[in-house]
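Here is the structure we will look at.
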Amino acid sequence: MPEPHLESQRIYLDNAATSWPKPPEVYAAVERAMRVLGAPAGRGTYHEAAEVERGLADARRRIARLINAADPRRVIFTSNGTDSLNLALHGFLRPGDHVVTTVAEHNSVLRPLHFLRQHRDVTATYVPCDAAGFVDPDAIRQAITDRTRLIAVVHASNVTGAVQPIETIGQFASERGIRFLVDAAQSLGHVELD
2 MPEPHLESQR IYLDNAATSW PKPPEVYAAV ERAMRVLGAP AGRGTYHEAA EVERGLADAR
62 RRIARLINAA DPRRVIFTSN GTDSLNLALH GFLRPGDHVV TTVAEHNSVL RPLHFLRQHR
122 DVTATYVPCD AAGFVDPDAI RQAITDRTRL IAVVHASNVT GAVQPIETIG QFASERGIRF
182 LVDAAQSLGH VELD
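Quick note on numbering: the sequence shown equals residues 2 to 195 in my numbering.
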C-alpha cells in the first residue's frame with residue numbers, strides 16, 4: 002500500500018519543521034522502539050536495554066562525525082531544537098549576564114531571552130540585520146560589554162535563508178572567553194559544521 006502522503010496532491014515545503022510527512026523508516030523505527038524494544042537506555046542489562054544503549058551510542062558517534070565533534074559523549078539528545086535552545090539559555094545564564102544576539106533569531110531564542118530579561122535580570126542586545134537577513138559581525142563585536150557571557154546566533158535562517166558568518170563571530174567570542182551558542186538546526190546536513 003502506498004504511503005498516504007505520496008498519494009496527496011499537496012505540495013509540502015515546510016520539511017524543516019517537526020511535521021508531516023516523515024520517511025517510512027522513521028515510522029518503522031518509532032514503532033519498533035515502542036512495540037519491540039520498550040526499554041530505556043542505561044537502565045538495564047537485559048537484551049532490549051542493551052540494544053537501545055548501543056543504538057544511542059551509535060547515533061552519538063554518527064552525529065559527532067556529522068558536526069566534527071571530537072567526543073561523541075558530549076552529544077546530548079533533547080526533544081527538539083527549541084527544547085535544546087531553551088535548556089542552554091535557562092541553564093547557562095545567571096542574573097547580571099548580558100547576551101548579544103540578532104533580531105533574526107528563532108522564537109526558541111527570543112522568547113526565553115524575553116523571559117530571562119523579565120525574571121532573571123539578564124540583559125540582551127539585539128543586533129539588526131540588513132535587508133537580506135545578514136548580520137554584520139562587527140556589529141556583534143561592538144555590542145559586547147564587560148558583562149557579555151553569551152553570543153547567540155542562528156547559522157542558517159529558516160525565514161530568509163541567510164547563512165551567518167559564524168566562524169568569524171565564533172573567533173572573537175573565543176578570543177574574549179565568551180560562550181557562543183549557534184542554532185544550526187537549519188544548516189545541519191546542508192553546510193559543513195565544526
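Ideal Cβ positions, reconstructed from N, Cα and C, are used throughout, including at glycine.
Which one of the options has the shortest CA to CA distance from residue i?
i	options	result
Phe135	Val155, Thr83, Arg180 and Arg121	Val155
Phe78	Ala71, Ala163, Glu49 and Arg62	Arg62
Ile170	Leu189, Val183 and Pro138	Pro138
Leu111	Thr126, Gly97 and Asp98	Thr126
Ser109	Leu88, Tyr47, Leu57 and Ile167	Leu88
Residue range of the alpha helix (DSSP H) that residue i falls in?
i	result
Ala65	His48 to Leu67
His91	Gly82 to Phe93
Ser31	Here residue 31 turns out to be Val, not Ser, going by the sequence shown. Counting along the chain, the alpha helix (DSSP H) containing Val31 begins and ends at Pro25 to Arg33.
Thr169	Ile167 to Glu176
Locate the beta strand (DSSP E) running through residue i, then write down its first and last residues.
i	result
Ile152	Thr149 to Val155
Arg180	Arg180 to Asp184
His99	His99 to Thr103
Are residue i and residue j touching if we call contact CB-CB under 9 Å?
i	j	result
Ile152	Arg118	no
Val184	Leu86	It is Asp, not Val, that sits at residue 184 in the sequence shown. Yes, they are a contact pair.
Thr103	Gln172	no
Arg150	Asp98	yes
Ala71	Ala163	no
Leu67	Leu194	yes
Let me confirm a value: residue i is counted as buried when at least 16 other C-beta atoms fall within 10 Å, else exposed. Which label applies?
i	result
Val101	buried
Val27	exposed
His191	exposed
Ile141	buried
Can you check DSSP and say which residues form a bridge with residue i?
i	result
Thr124	His99
Val37	Answer is none; Val37 lacks a bridge partner.
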